[in-house]
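Chains as they are written, first to last, in this note's numbering: chain A, -18 to 458; chain B, 1061 to 1480; chain C, 1431 to 1836. Here a beta-carbon is modelled for each residue, glycine too, at the ideal position from N, C-alpha and C.
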Amino acid sequence: MKNAFRFSTLLGIALLSACAPREILLPKLGIAPYRLADFPPGYTPPLSYETGQPMPGFGGSGALDHTPVIFIHGNTVSARYWLPARRYFKTKGFSDAGLWALGYGWDNVRYFDSADLSVPSVERIVSSVMQQIAKDTGKPVDQVDIISHSLGVTLTRQWMKQTNSWHKVRNFIGVCGANDGVWTADLYSRGQNRGVAFELAPGSPWLQQLRDGGDTPGPTRYMTLYDGTGRGDVLFPKPYENSSAMEGATNLAFNVVNNTWLDHLELPRVPETMDAMIEWLKQAPEPLRSATPPALVRKGDVVQADQPEAKVHCEIGARYPDARTAATTAMPLAAGVLTTCFARNDSTHLASPMARFKRADKPLAPGKLTVTADRMANAYENPISVALTASEPEAFIVYTTSGSKPNSGSPLYTAPVYVAGPLRLTAMAIAPDGRQSAPLVLDYDVSLELIEAQHTLQRQFDSSEPEDYEGKRKKGR
Amino acid sequence: MTTTKAYAAMRTLLATLLLSFAASANAGIVFTPHVSEYGILPAGMYAEYTLIGTEIEAIYDKNGDKVRLGAPFVPVGDSTDAVLGLFKALWVGNVFRDSDIPYLNNHAQFCRAIGSVGYQQNTGAIANRVRLFNQRPGSNGFGDLFGLCGIYGSEHRLGPIKANGLFATTVKFPIGRYDTRAALNTGTNYWSVIPQLAFHAEVYGRFYIDGTVAYQYNGDNDKPAFGGLTPTRIADLYNAEINVAYKFSEHWFADVGYSFRETLGPNKYDKVTINFEDQPLSPQSACDNTNNGISNTGNMLGIALGPTVPQQLCDNPGTDQFYLNPRAGPYADNGVMGTLLTAGVSYVYRASTVVQARVAKPIAGRGSQIDVVFDVCATEGCTTPPTSQVTSRLFGVQEAAAVSASPYFELRLVHLFWAP
Amino acid sequence: MRRTRIYWSALALVASPVWAGDAVPQLGRNLPLYPAFYAEATASVDSRDKVFDAAGKERDTAQPSLPGKTSFPEQCAEANLIWTFPMFEAAKVPFFASRLHTARIHLGYAQTKTKGALADFARDTSDDSRTQADSLETKSSGVSDLTLEFGSWLAGSGNWRERKDTPYALLLLNGVTLPTGIYGRDTPANPGRNTTSFHSQLGLYARPWAGAHLDAGAGYRVYLKNQDAAFGLLAPANQGNDFFWDVSLAQRLAPSLYVGAFADGRIGEKNAYENPRFAPNAAPPPTTTPPSDNYPRPGLYYDDGTRLTRVGASAYGFIGQRWKLGLHYAMPLSGKSGEFDLPYNNRQPAGCTVGATGCMVTDGGTVQNVDGQGPARVFASAQFTLSLQFNFGQGDSYTCIGCRQQ
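Right, here's the structure in full:
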């Protein structure tokens, strides 16, 4: 009996590996795990897209004399990560009402999701904060500042791109972001968190699509802050030491410049780095909160803003205009050429969403405009590339991978869309004459459940056995 | 044979018989820190599998001198062989995060459980010698269970140095295989509680330093093994260890470490019963090996009784018998001490798995020895007053008493489930 | 007995622990399973009450040299943890990067007993004390030896990412067995062997026709010295290296249901026995004045090796798609146990020290057909085994198609 006990003990140790005390044991004991929820009275945090639960986090209320700052955390942590930053920013004159952080994702290391899946959560965070502040102060909020860290950097960039929300972000600071990939996700080093890894593997198609059209689109000001030495931040050793930098941004390799040794978790939230961020944030003019943002209008073959004092910033082709793009009052459209623009009012410092325009260089065939994909909506075992085709060759195709409906400023289809994880691809063709196709909505999954179903023990002996795949996705996989 | 030679022969004989290993593996290398052992690890579940092997050909005596196993009573070359397979599960996280409980809410906790199976046997002539005492040369099976919980301290930064501390307490549950007749056991049969302070530092992003000091409270062992040559009252001990690693790349590390442990006060032995199984002993043979100066390698009984054996016993076949009977004790040793130097390389595979190979070399030590008094009697069980007494310096055995002077080899695999 | 078997079978199902001397060949053991973690539990019972003697004759006792019946009943459970995985795919390491590999851990729990004539001998305390036959024991239970294996599919796994079926595969498996098992020196049958062994084997998997699975393999195992041979050193101090083989064929009868037949065997080289301390079948010492005793003459003795050939039947059923339940019956066909002849000395007076003045030693004859113990016993009894395998699912299984190679 004693031997049996010993043996059971040993097995028990192995089984312990499958348990996480906080998430599993506490609920079994009838104890709800603690949650950070330091919000103003009456505020209802949005539901996390990943978990379906109210997001944890913090925020304040009261007077607000600066653009709200939203902190977006990185992988495997939550809003609590930014508590030191909240305290420090308050000592530097930021008001409680303008400092917000909400937690997306799973808040533990057991579950992971792709950045694509977290984009809706970021959308909910930003919308929720804007609405709360507007409600609290009685004035609309058109712009926020975002300080993001690690996974939050590429996630926020993807949110801005997928939802055409650059005009909502006055300042974007990305600290220790894997803008050019992270070694822990490279092909040699990848762990089990596949969704994230496929996105952030150096040279991944996902990073390429994020980069398509430029690193720093729109009216947003961009700053990156990172190690740069290859020694301080363990996630970015050489040759990835400058992965966080972006072309067109204010790039601060903090440890290089200051001869410091701050690490991945320190860089976003120690006083010396936060001082640098605050100084940079304050260089931007405050937008006029009661003003109406400008909009782009097309008058014939010319694009201009709907406000006299606003100007348009346009780029020809697939590249996005950015803050460096020359402004003009009117942008003539050349025949057969795609033009991408946003409008910005230098008086109110507000901007419009991005939009694309195209002038036909030949008569278009009448009829219904459609867009089709070469891969049907399904679950796949391996990552796929999806080619899109419009029925009108002169039409351009825009798409989103975050579930939102695309508009002309959404990502431009130039090459097959890379699908490495679960996502909803929504595509739309827009003809030069203004016709738009109905959105093509395709739900893809690169599914571990499918892989497991295709390779159950029985099916490895008898592949004719039907897959026991229910199409249900386990959380975080 | 002179008195000195006779006693030397006895000492060495019994040293040969009573060698040990077990504790050295557990107390020494099992807990010697590895790369970033005490660093604040990412929250998650870690599984660790360690294989430790050793062939002990020498141990330390009470004076800190190395003693070759077997010499001079059996030819050198035999050893104590041991393999230990360790299964470790480590949880790192914070049960109290986001709560209002001060300190705990922002300092991660960890718990670890360690189970093991082991093989520990003496070999060759040493194993045969053990049979003279109706004992067993070793024992295989489960080891004790170690349970540990602790909390990380805050992380501090000073220029290129980043450091943190931790406090942990380990409890050793003596559930391991324990054979009271075995010279070696994978279990210990006594409880231990080990509070521990440790620190971890990273310097210039390339050097990793891990160190610890610990104090081990040991319970008593009321059923000593191997004829009472494991201590019944085990001395507490303290140890201090440090490990320095260098990162060549994100995948390759090399480290060296130093470990020191020493008991506070002596181990005590209260139930010594070790004795020859087959008695009475032949005085002629004994005297041949002692009084008459025959070389040690010619011993047949392998015991040296010294000049206190009355010469007439040797010379008179008519009184062809006598008996030995040990006094139970109490006896005390000088305490034990051991130092180890370790060196290893680590390879990080896929950011979630570490493979490590390491060697540990004892560089100094002090083993447990006690001077056991044997009554020499004419009747079995010494029911009559002893004709004389002899004192034999015997090695204490097993975890609490023996200190190996031979290297260990370690192969270790650490896997982080659900790696970030 | 029946209740005991049921109990052990149930325990294995629930708790999944232990291991027998000759495990039955499992379906798909050489199949390159898709990268994942698989666990397998087996439970077996074997009455071990018959052996093949040294002449190959089946005997209705496990100890032919002793009158009466002897048996070594054993109940085992074993836990096998099996990983299948790719290695260094992205690094393009020659050989390793292009195929699947497997790592396997086997650890078990066994309960063994000695019953009958040999147990009576063990309990008899009137034996000559010099033989150390007074401390003999008849029970030994606990953890068994730990086996670690690493293997690579030499063929048949190169296209594992795309394939749906594997028509054939060839596995090279190397392993070490560490003697962590409970081992009593005074017990004739133990869960552990107290000796390290290394083995290497080739395994073939094939699908000869639809629904059929053929596994076959052969290997060679090398044993190191047992430093503490059991039961008065009647167990081999040096177990003879052995060649082992197995072949099995299973056919799908219906979805989720397979039946199969298998044969396996091993051929062991000569076992060496070093300085045995006694022989249970030794004649008593001559009656003399003063009294005499006798003892085996120290030396190194050999048997003629061991051999076993078994056939068996298996039935497998899938419970859901992740569980595979198996029931196996193994029946030994032929075999050979290790026996050796052991010369004896007589000694007068009894217990005197050999070589001492007045201690007279004479030839005591030779004891014929002393049964080697431990691995020298080759049992002719049937073995029942219940097995259960589970597929835990994926590790890191698919590659980053489209990622740029660094």
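For C:Gln1456, the three-state DSSP class (helix, strand or coil):
Secondary structure of C:Gln1456 (DSSP, three-state): coil.
Count the CB pairs spanning the region 1792 to 1803 of chain C and the region 1707 to 1717 of chain C that are closer than 8 Å, and state whether there are at least three.
Contact holds: three or more Cβ-Cβ distances are below 8 Å.
Taking all protein chains shown into account, decide if B:Val1414 is buried (16 or more other Cβ within 10 angstroms of its Cβ) or exposed.
By the 10 Å Cβ count, B:Val1414 comes out buried.
If you draw a straight line from the C-alpha of B:Arg1453 to the C-alpha of C:Asp1554, how long is it?
So the two alpha carbons sit approximately 36 Å from each other.
At a Cβ threshold of 7 Å, is B:Ala1185 touching chain C?
No Cβ of chain C is located within less than 7 Å of the beta carbon of B:Ala1185.
Name the one or two DSSP bridge partners that B:Glu1108 has.
In the DSSP output, where bridge partners are listed per residue, B:Glu1108 has B:Lys1148 and B:Val1474.
Would C:Leu1738 and C:Gly1768 be called neighbours here (beta carbons separated by less than 7 Å)?
Going by C-beta atoms, C:Leu1738 is not nearer than 7 Å to C:Gly1768.
Pick from A:Cys322, A:Ser42, A:Lys349 and A:Val398: whose alpha carbon is nearest that of A:Ala412?
When each option's Cα is compared against that of A:Ala412, the closest is A:Lys349.
Can you tell me whether DSSP reads C:Ala1507 as helix, strand or coil?
It is a strand residue.
Of the residues that make up the region 210 to 234 of chain A, which ones have a beta carbon closer than 7 Å to any beta carbon in chain B?
So the close ones are Arg212, Gly213 and Pro218.
Residue environment, A:Ala311, which counts as buried when at least 16 other CB atoms sit within 10 Å
Classification for A:Ala311: exposed.
Should C:Arg1478 and C:Ser1817 be called a contact, given that it needs their Cβ atoms to be closer than 7 Å?
Contact annotation: C:Arg1478 and C:Ser1817 have beta-carbon atoms that are not nearer than 7 Å.
Taking a Cβ distance cut-off of 8 Å, strictly less, list which residues of the region 1749 to 1768 of chain C are near chain A, in chain order.
Sequence-ordered contacts of the region 1749 to 1768 of chain C with chain A read Gly1750, Gln1751, Arg1752, Trp1753 and Lys1754 [C-beta pairs closer than 8 Å].
Could you tell me whether the Cβ atoms of C:Ala1466 and C:Asn1821 are closer together than 7 Å?
Taking 7 Å as the cut-off, the Cβ atoms of C:Ala1466 and C:Asn1821 count as close.
In three-state DSSP terms, what is A:Glu296?
In the three-state reduction of the DSSP assignment, A:Glu296 falls in the strand class, which pools E and B.
Does the separation of the CB atoms of C:Ile1535 and C:Tyr1468 fall below 7 Å?
The Cβ atoms of C:Ile1535 and C:Tyr1468 lie no closer than 7 Å to each other.
Partner residues on chain C for B:Pro1197, Cβ-Cβ distance less than 9 Å:
In chain order: Arg1615, Gln1657 and Asp1658.
Using a Cβ-Cβ cut-off of less than 9 Å, list which residues of the region 242 to 257 of chain A approach chain B; keep chain order.
If you check each beta-carbon in the region 242 to 257 of chain A against every beta-carbon of chain B, the ones closer than 9 Å belong to Trp242, Leu243, Asp244, Leu246, Glu247 and Val251.
Of the residues that make up the region 1567 to 1588 of chain C, which ones have a beta carbon closer than 9 Å to any beta carbon in chain B?
Listed in sequence order: Gly1572, Val1573, Asp1575, Leu1576 and Leu1578.
Could you give the distance in angstroms between the alpha-carbon of C:Leu1457 and the alpha-carbon of C:Leu1644?
Cα to Cα, the separation comes out at about 8 Å.
Given B:Gly1113 as reference, the closest of B:Ala1403, B:Thr1140 and B:Asp1270 once Cα atoms are compared
Taking only the C-alpha atoms, the option nearest B:Gly1113 is B:Thr1140.
Could you tell me the alpha carbon to alpha carbon distance between B:Met1397 and B:Lys1421, rounded to whole angstroms?
Distance between the alpha carbons of B:Met1397 and B:Lys1421 is about 14 Å.
Apart from the five residues just before and just after C:Ala1636, which ones in its own chain have a Cβ nearer than 6 Å to its Cβ?
If you ignore the 5 residues before and after C:Ala1636, its C-beta comes within less than 6 Å of the C-beta of Tyr1598 and Leu1644, all in its own chain and listed in chain order.
With a threshold of 7 Å between beta-carbons, can C:Pro1609 be considered close to chain B, or not?
Residue contact check for C:Pro1609 against chain B: a CB pair falls below 7 Å.
Beta-carbon proximity of C:Tyr1725 to C:Asn1775, cut-off 7 Å
Contact flag set, yes.
Can you check DSSP and say which residues form a bridge with C:Ala1479?
What sits at residue 1479 of chain C in the sequence shown is Asp, not Ala. BP columns for C:Asp1479 are empty, so no partner.
Helix, strand or coil at A:Met204 [DSSP, three-state]
If DSSP states are grouped into helix, strand and coil, A:Met204 belongs with the strands.
Suppose contacts are defined by Cβ-Cβ distances below 7 Å. Is C:Gly1581 in contact with C:Leu1603 by that definition?
A contact, by the Cβ cut-off of 7 Å.
Take the Cβ of A:Pro302 as the centre, count every other Cβ of all protein chains shown within 10 Å, and call the residue buried at 16 or more, exposed below.
Burial call: buried.
Pull out every residue of the region 7 to 23 of chain A whose Cβ sits closer than 9 Å to any Cβ of chain B, in chain order.
Those residues of the region 7 to 23 of chain A that come within reach of chain B (Cβ to Cβ, closer than 9 Å) are Leu7, Pro14, Tyr15, Arg16, Leu17 and Ala18.
Is the beta carbon of B:Ser1199 closer than 7 Å to that of B:Asp1239?
Pairing B:Asp1239 with B:Ser1199 gives a Cβ-Cβ distance under 7 Å.
I'd like to know if C:Ile1512 contacts chain B, where contact means its C-beta is closer than 7 Å to some C-beta of that chain.
With 7 Å as the cut-off, C:Ile1512 does not count as an interface residue toward chain B.
Spatial neighbours of B:Tyr1298 within its chain, please: C-beta separation below 6 Å, excluding the five flanking residues on both sides.
Here the set comprises Tyr1275.
Between the alpha carbons of B:Leu1208 and B:Ile1100, how many angstroms are there, rounded?
Answer to the nearest angstrom: the Cα atoms are 16 Å apart.
Please state whether DSSP places B:Gly1175 in a helix, a strand or coil.
Here B:Gly1175 sits in strand by DSSP.
What are the partner residues of A:Met312, as DSSP defines its beta bridges?
Answer is A:Val284.
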